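Here this note's numbering is used: the first residue of the sequence shown is 20, the next is one more, and so on. Cβ atoms here follow ideal geometry from the backbone N, Cα and C, with glycine treated the same way. Bear in mind that the values here come from a model prediction, so they are computed numbers and not experimental data. Working notes, beginning with the structure itself.
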Amino acid sequence: MKKDHLKTYIEKAAEAHAKETLGEKQESEFKTASKAIKDDFKTGAIWMYNFLKYNTNHG
20 MKKDHLKTYI EKAAEAHAKE TLGEKQESEF KTASKAIKDD FKTGAIWMYN
70 FLKYNTNHG
């Protein structure tokens, strides 16, 4: 998977996660909370991707 495709998928998933966590109305009202949820999600997703990539390639 290309890096730009991965970034797009992670961005979309982070957006969906924030809306699910806060609710659509609150997600649009509470931008700081929404941004924090999205940033945390993206950090976790990138960490998991790298963890799996490393462990898959090294046994």
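Local conformation of residue i per DSSP, three classes
i: Gly-42; result: coil
i: Phe-70; result: helix
i: Phe-60; result: helix
i: Lys-21; result: coil
Same chain, Cβ closer than 8 Å to residue i, five either side skipped, listed in chain order
i: Phe-49; result: Leu-41
Proximity to residue i [Cα-Cα], best of the options
i: Leu-25; options: Asn-74, Lys-61, Tyr-73, Ile-56; result: Lys-61
i: Glu-34; options: Ser-53, Ala-64, Asn-76; result: Ser-53
i: Asp-59; options: Ser-47, Lys-44, Tyr-73, Glu-30; result: Glu-30
Sequence-distant residues of its chain with Cβ nearer than 6 Å to residue i (five each side left out)
i: Ile-56; result: Ala-37, Thr-40
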